[in-house]
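Residue numbers (our numbering), protein chains in the order written: chain A, 1 to 135; chain B, 136 to 410.
Here the structure comes first, spelled out in C-alpha cells, and everything after it is commentary.
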Amino acid sequence: MITLSEYFMTILITCMIVNLGLALYGVFFKPNLIKKIIALTILGDTANTFALIIGYRMWVAGVPSRPPVFTEWRSNNPLLLLVFTKTAVDPLPQALVLTAIVIGLAVTLFLVFLTLQAWKIYRSVDMRDIKRLKG
Amino acid sequence: MRRWIGICVLILTILGLSFVVAANINTLVPTTNVRTLAEIYLKYTYYPWDKYFTAMSPEACTSIVWDFRGLDTVFETMVFYLAIIGAIALARGVPLKLPKEIKRDLGLSLIVKTVTKIVPVLIIAVAGSIALHGHLTPGGGFQGGATAAVAPVLILVVFSQFYLLKRGVNKNSMLLLRSIGLTGIGITAFAAVLIGLATGHYAFVLQNQPKPLAPDVSLPAFVGGQLISGSLWFFNFFEFLAVAAGFTIVFLLITLPEKLAEAKEEKHVVEVEEG
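Laid out in C-alpha cells, this is it:
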C-alpha cells in the first residue's frame with residue numbers, strides 16, 4: 001500500500017511529464033512563433049521543477065524540511081548549525097535552477113526580439129506564411 | 136500524415152518516459168546519497184570557526200551562486216548580457232525619441248494613474264530590500280533587479296513610453312547604469328587580486344574569505360558590526376543595478392509605438408527594392 005505522500009508525488013511527476021509532452025508538442029507543431037516561445041518557457045520551467053524535486057524532500061523522517069537559510073547565525077551555536085545541516089533542503093539545485101532561469105530568460109528575450117523583427121519584415125509571425133514568403 | 140507521425144512519436148516518448156520512471160522508481164529518483172554535497176555546502180555557508188572554507192553568509196543559495204560557484208555565475212551574467220546586447224542590436228532602428236507635441240490624454244484613466252504614482256516607489260523599495268539583503272534572506276541581485284524592472288513596465292503601460300523618456304529613463308542612461316553595474320561586478324571579482332598585488336600576497340580571482348593558499352588576503356565579513364559577507368553584498372548590489380537597467384532597456388525597446396514600427400518597415404521595403 002502506498003502512502004499519501006507517495007501518491008501525491010506520483011501525481012506531481014505524472015503531471016510534469018504530461019506538461020513536458022505538451023510543451024514539446026507546442027514547440028514542434030504550433031505554427032505561431034509567439035506560441036512556440038510560450039511553449040519553450042513552459043518546457044524550461046518543467047525541467048527546472050524536475051531539478052528542484054531532487055532537493056526539496058523530507059530528509060529526516062518526521063521533521064519538515066526548512067529553507068536553506070541559517071537564521072540563527074547570531075547565536076554562534078554549532079549545535080544549531082548541525083540541526084540546520086541535517087534538515088535544510090538541498091541548496092545546490094536551487095542555485096543551478098536560478099542560473100537556468102536567468103539564461104532561459106535571456107534566451108526568451110532574444111527570441112522575442114527575433115520574432116518582432118520577423119513581424120516587421122514579413123508582417124506575420126506564422127511559420128506557414130513566413131515559409132511561403134521566402135526567396 | 137507527417138503531423139500524425141509526430142504526435143505518435145510524442146505520445147510514445149511520454150509513455151516510455153513514464154514507464155522508465157515507474158519501473159525504476161527506486162534507482163531513478165535520487166536517494167539520500169545526493170545529500171553529501173548539500174551537507175558540505177550547508178555546513179560551510181556560515182561557519183565562523185573555520186575561515187578557510189566558509190562564505191560567511193547564512194543564505195546557502197547566495198553563497199553557492201556568488202562564492203562556491205562564483206565563476207559559473209560570472210559566465211552566466213555574461214550570457215545574459217550578450218543576449219540583451221543581441222536584442223538591442225536587433226532593435227537598433229527603433230528611435231526612442233520624444234515627439235514634438237505630446238497629447239495630454241495618453242495612458243489609462245485617472246484612478247489607475249494615481250495608484251501607479253504610489254506603487255513604483257514601493258516596488259523599488261522592495262526590490263532594493265531583496266537585493267541588499269540577498270546574503271541574509273532568500274533573494275539576491277538578480278531577483279531584486281527583476282523586481283525593480285517591474286516598475287518601469289507599470290509606468291510604460293499606465294502612462295506611456297514618453298513619460299519615462301521625458302524623465303531621462305532612456306536607452307543611453309540605462310546603458311550607462313548597466314555598464315556601471317557590470318564594471319562593479321568585474322572590480323569585485325578582481326578585488327582580492329588587487330589587494331594581494333598592493334600588499335604583496337597571493338590571492339585568487341573571485342576570492343571572498345581567506346583560502347589555504349592565500350591566507351593573508353580577505354574581504355571583510357563584518358563592516359561596523361553588520362554582516363556583509365565580504366564580496367557577496369557588492370556582487371548582489373552591482374548585479375541589481377545591471378539587471379534592472381538591462382531589463383528596462385529591453386522593455387523600452389519592446390513597447391515601441393506601432394506607427395514607428397510601420398514607418399521603419401516601409402523604409403526597409405524601399406531598401407530591399409533598391410538592393
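For each residue, glycine too, the CB sits at the ideal point set by N, CA and C.
- Take the alpha-carbon of residue 9 of chain A and the one of residue 312 of chain B: they are about 45 angstroms apart.
- Within the DSSP secondary-structure output, residue 346 of chain B pairs in a beta bridge with B:349.
- Judged by their CB atoms, residue 59 of chain A and residue 65 of chain A are nearer to each other than the 8 angstroms cut-off.
- At least 8 angstroms separates the beta-carbon of residue 258 of chain B from that of residue 306 of chain B.
- Less than 8 angstroms separates the beta-carbon of residue 115 of chain A from that of residue 34 of chain A.
- Residue 200 of chain B: not part of any alpha helix (DSSP H); DSSP gives it neither H nor E.
- Cβ contact annotation for residue 382 of chain B (same chain, cutoff 6 angstroms, sequence separation greater than five): 284, in chain order.
- Residues are counted here when their Cβ sits less than 7 angstroms from a Cβ of chain B; for the region 87-108 of chain A these are 88, 90, 91, 92, 94, 95, 98, 99, 102, 103, 106, 107, given in chain order.
- The contact set of residue 214 of chain B on chain A, defined by CB atoms closer than 9 angstroms, consists of 102, 103, 106, 107 in chain order.
- The alpha-carbon separation between residue 141 of chain B and residue 376 of chain B amounts to approximately 45 angstroms.
- Within the DSSP bridge table, the entry for residue 123 of chain A names no partner.
- Using beta-carbon distances, residue 178 of chain B counts as an interface residue toward chain A, with a partner under 8 angstroms.
- Per DSSP, the beta-bridge partners of residue 362 of chain B are B:357.
- Note: residue 88 of chain A is bridge-paired with A:66 in the DSSP secondary-structure output.
- Less than 8 angstroms separates the beta-carbon of residue 262 of chain B from that of residue 279 of chain B.
- In chain order, 95 make up the part of chain A whose C-beta sits under 8 angstroms from the C-beta of residue 204 of chain B.
- Apart from the 5 residues on each side of it in sequence, residue 36 of chain A sits with its Cβ closer than 7 angstroms to the Cβ of 26, 27, 30 in its chain, given in chain order.
- According to the DSSP assignment, residue 240 of chain B belongs to no alpha helix (DSSP H), since it is labelled neither H nor E.
- The beta carbon of residue 71 of chain A sits closer than 8 angstroms to some beta carbon of chain B.
- For the C-beta of residue 207 of chain B, the chain A residues within less than 8 angstroms are, from N- to C-terminus, 99.
- Per DSSP, residue 170 of chain B is one residue of the alpha helix (DSSP H) stretching across 170-180.
- If you ignore the 5 residues before and after residue 330 of chain B, its C-beta comes within less than 6 angstroms of the C-beta of 352, all in its own chain and listed in chain order.
- Residue 272 of chain B belongs to the set of residues whose beta carbon lies under 8 angstroms from a beta carbon in chain A.
- Rounded to the nearest whole angstrom, the CA to CA distance from residue 92 of chain A to residue 176 of chain B is 8 angstroms.
- Cβ contact annotation for residue 369 of chain B (same chain, cutoff 6 angstroms, sequence separation greater than five): 323, in chain order.
- Closest in alpha carbon position to residue 247 of chain B, among B:137, B:201, B:291, is B:291.
- Within chain A, the residues placing a beta-carbon under 8 angstroms from that of residue 211 of chain B are 99, 102, 103, ordered along the chain.
- Distances from the alpha-carbon of residue 374 of chain B to those of B:219, B:364, B:342, B:318 put B:318 closest.
- Remark: C-beta atoms of residue 133 of chain A and residue 97 of chain A do not approach each other more closely than 8 angstroms.
- The beta-carbon of residue 313 of chain B is placed no less than 8 angstroms from the nearest beta-carbon of chain A.
- Neighbours of residue 221 of chain B in chain A, taken as residues at a C-beta separation under 8 angstroms, are given in chain order as 110, 113.
- With a cut-off of 8 angstroms on Cβ pairs, the region 185-194 of chain B is in contact with the region 349-365 of chain B, counting three or more such pairs.
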